[in-house]
Each structure stands twice: as structure tokens, then as C-alpha cells.
């Protein structure tokens, strides 16, 4: 859990393009980073 923005996380893990990060994240996880974060927060 982190309060970092999704954009900050994108850059921290080595992506320089936020749009591409969203695309890869959705392909791997089946949902957007925002939707994934919301799901995790509600399950805590």
C-alpha cells in the first residue's frame, strides 16, 4: 500500500511513458492501475 501517485510508481519501476505503463498493466492484471488500487484498498 502506498500513497504515491500511479504516475510516480510508473517512473519508479522504470517506465518513461505513463500511457504505455497503463497499457502493460492492464494487459498483465486485467484492469487499470486505478481500478486495481481501488480493489486492493477496499479489500484491506
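In our numbering, the protein residues as written are 324 to 367. Every residue gets a Cβ at the ideal spot worked out from N, C-alpha and C, and that includes glycine. Note that the coordinates shown come from a computational prediction; the quantities given were computed from them, not determined experimentally.
Contact check, residue i vs residue j, beta carbons under 7 Å
i           : j           : result
residue 330 : residue 347 : no
Buried versus exposed, by CB contacts within 10 Å (16 or more), residue i
i           : result
residue 352 : exposed
Inter-residue Cα distance where the pair is residue i and residue j
i           : j           : result
residue 356 : residue 367 : 17 Å
residue 365 : residue 350 : 22 Å
residue 333 : residue 345 : 9 Å
residue 362 : residue 326 : 15 Å
residue 336 : residue 328 : 13 Å
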